[in-house]
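Numbering (the working numbering), first residue to last: 1 to 129.
Printed below as a string of structure tokens:
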């Protein structure tokens, strides 16, 4: 039982707080990368993900081998912040697919979705028995 001592307090004893949950269907839980892995196993191909460096074109123009009292720039930061848009290159059986996203995982899902559109039309290889 709840006891009240000097003042009013609501009785919360015996009350369970339950969060409403949304049931996730099986189709929603399968990501494009999982679906692509299953298709590649059937086709006998291996998907290879390779991250694309977003800073490859942003090189410092300062010559560190220069002599004669020349100092490097005062505020030089070697890009410690993550990129705004991640890029991934996916290669499956000699074909290349590029994916972009706000996270690495979103970029991989984008590349896998593009590969799925093309690879789903390929015929399955015949099984040797």
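Cβ coordinates follow ideal geometry from the N, Cα and C atoms, glycine included.
(request) To the nearest angstrom, report how far apart residue 52 and residue 105 are at their CA atoms. (result) The count along the chain shown starts at 1 and reaches residue 52 at position 52. The count along the chain shown starts at 1 and reaches residue 105 at position 105. When rounded, the distance between both Cα atoms is 13 Å.
(request) Could you say which of 89, 29, 99, 42 lies nearest to residue 125 if we only look at CA atoms? (result) Reading the chain shown from its first residue, position 125 is the one you call residue 125. Minimum Cα distance to residue 125 is reached at 42.
(message) If you reduce the DSSP assignment to three classes, tell me which class residue 100 lands in.
(response) Translated into the one-based positions of the chain shown, residue 100 becomes position 100. It is a strand residue.
(message) For a test of the three-state rule: what should DSSP assign to residue 116, helix, strand or coil?
(response) For the purposes of this step, residue 116 is taken as the residue at position 116 of the chain shown. In this structure, residue 116 counts as helix in the three-state DSSP scheme.
(request) Check residue 89 in the structure and name its three-state DSSP category. (result) Taking the chain shown and counting its residues from 1, one reaches residue 89 at position 89. Three-state DSSP puts residue 89 in a strand.
(request) May I ask you to list the residues that DSSP assigns as paired with residue 108? (result) As a working note, residue 108 is residue 108 in the chain shown. According to DSSP, residue 108 bridges with nothing at all.
(message) Does residue 108 pass the burial test, meaning 16 or more other C-beta atoms within 10 Å, or should it be called exposed?
(response) Indexing the chain shown from 1 puts residue 108 at position 108. With 16 or more Cβ atoms within 10 Å of its Cβ, residue 108 is classed as buried.
(message) Just to confirm my understanding: we take residue 40, look at its own chain, exclude 5 residues before and 5 after, and list those with CB closer than 7 Å. What are they?
(response) Position 40 of the chain shown, counted from the start, is the residue given in the question as residue 40. Within the same chain, residue 40 has close Cβ partners 46, 47, 92.
(request) Provide the residue span of the alpha helix (DSSP H) that contains residue 32, from first to last. (result) In the chain shown, residue 32 corresponds to position 32, counting from 1. According to the DSSP assignment, residue 32 belongs to the alpha helix (DSSP H) that extends over 32–43.
(message) According to DSSP, residue 51 sits in a beta bridge with which residue or residues?
(response) Within the chain shown, the letter at position 51 stands for residue 51. DSSP lists 88 as partners of residue 51.
(request) State the Cα-Cα distance for the pair residue 117 and residue 32, rounded to the nearest angstrom. (result) Against the chain shown, residue 117 aligns to sequence position 117. Against the chain shown, residue 32 aligns to sequence position 32. Distance between the alpha carbons of residue 117 and residue 32: 10 Å.
(request) Could you tell me how far apart the beta carbons of residue 94 and residue 114 are, in whole angstroms, since I believe they sit closer than 8 Å? (result) On the chain shown, residue 94 is found 94 positions in, with the first residue counted as 1. On the chain shown, residue 114 is found 114 positions in, with the first residue counted as 1. Their Cβ separation, rounded to whole angstroms, is 15 Å, which puts residue 94 and residue 114 out of contact at 8 Å.
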